[in-house]
Amino acid sequence: MKLVDFGNDGNYAGGDDSEHEMVFTGIGNNTWISYNLPLADFTSLASRSHLAQLIISGLPVGAGVVYADNVYFSTNAFSIPEPELRSHFRIFPNPAINTLEAESNSKIESIRICDLTGQELINLQPSKNKTRIDVSRLKSGIYFLSATANGITSVKRFVKK
C-alpha cells in the first residue's frame, strides 16, 4: 500500500513529490482484513498537504483482485478503536433479499439507508437494540446503512439481491 503526496505545488512530477510504501505479507484469499494505519507511519512523506494517490498492489502483478472498503484518513490518535466499532453494530444477512436485520449492543436511535449517490431511501427510528428492515422495494444493488446507537454512528455496506 502506497501513499503519494504531490508536494507543495500540488502537481504530479512537480519535483517535490514524495511517497511511502508499506508491505504486508500473509494475507489470505477471500477474507476481509482490516488495517489501522496512522498517517504518521508513512514516514517517507515530506508532506501530507497534497495527498493525491492511494496505490494498492500485489504480487504477482495483475494476478489478483482487491476490493477496498471504508478507507478513512485521520490524524486523531485517540479515535474510537476499530474493534469497538465492529462489536457495536452489525447487519445481516448480507446480501439481503427482502429483509435486513440490524443489531446493536445499545438501543438503535436511527437508521438511514442510502444508495451509491447518497440519496436517502429509508429513514427509521427503531428505539430498540434489534430491528428488521423491509428492503424488498429496493432495486438490486449496493447500499449504505448508517445507524446511530449510544451516540456512535456506524456505516455498513450491504448488497440487495
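Counting with the numbering used here, you get residues 952 to 1112 for the letters of the sequence shown. Just so it is clear, CB atoms sit at the ideal spot from N, CA and C, and this is done for glycine as well.
Local Cβ density within 10 Å of residue i, reported as buried at 16 or more and exposed below that
{"i": "TYR1094", "result": "buried"}
{"i": "GLY1069", "result": "exposed"}
{"i": "GLY965", "result": "exposed"}
{"i": "ILE1007", "result": "exposed"}
{"i": "PHE1029", "result": "With a pLDDT of 42 at PHE1029, under the threshold of 50, the modelled position of this residue cannot be trusted; read the value that follows with caution. That one is exposed."}
{"i": "SER1055", "result": "buried"}
{"i": "PHE975", "result": "exposed"}
{"i": "VAL1106", "result": "exposed"}
Reduced DSSP secondary structure (H/G/I, E/B, other) of residue i
{"i": "ASP992", "result": "helix"}
{"i": "ASN1045", "result": "coil"}
{"i": "SER1055", "result": "strand"}
{"i": "SER1087", "result": "coil"}
{"i": "GLY1092", "result": "strand"}
{"i": "LEU1010", "result": "coil"}
{"i": "GLN1004", "result": "strand"}
{"i": "PRO1082", "result": "At residue 1082 the sequence reads Thr, which differs from the Pro that was named. In this structure, THR1082 counts as strand in the three-state DSSP scheme."}
{"i": "LYS1112", "result": "coil"}
{"i": "ASP956", "result": "strand"}
{"i": "ASN1074", "result": "strand"}
{"i": "VAL1017", "result": "coil"}
{"i": "THR1099", "result": "strand"}
6 Å CB neighbourhood of residue i in its chain, flanking five on each side removed
{"i": "LEU908", "result": "For residue 908 there is no data in the structure shown, the boundaries of the chain being 952 and 1112."}
{"i": "CYS1065", "result": "GLU1071, PHE1095"}
Residues near residue i by beta carbon distance below 8 Å, same chain, minus five either side
{"i": "LYS1112", "result": "PRO1046, ALA1047, ILE1048, SER1091"}
{"i": "THR1104", "result": "SER1097, ALA1098"}
{"i": "LYS1079", "result": "LYS1058, ILE1059"}
{"i": "LEU988", "result": "MET952, MET973"}
Own chain residues within Cβ distance below 7 Å of residue i, not counting five before or after
{"i": "ASP960", "result": "ASP967"}
{"i": "THR1050", "result": "ARG1083, ILE1084, ASP1085, VAL1086"}
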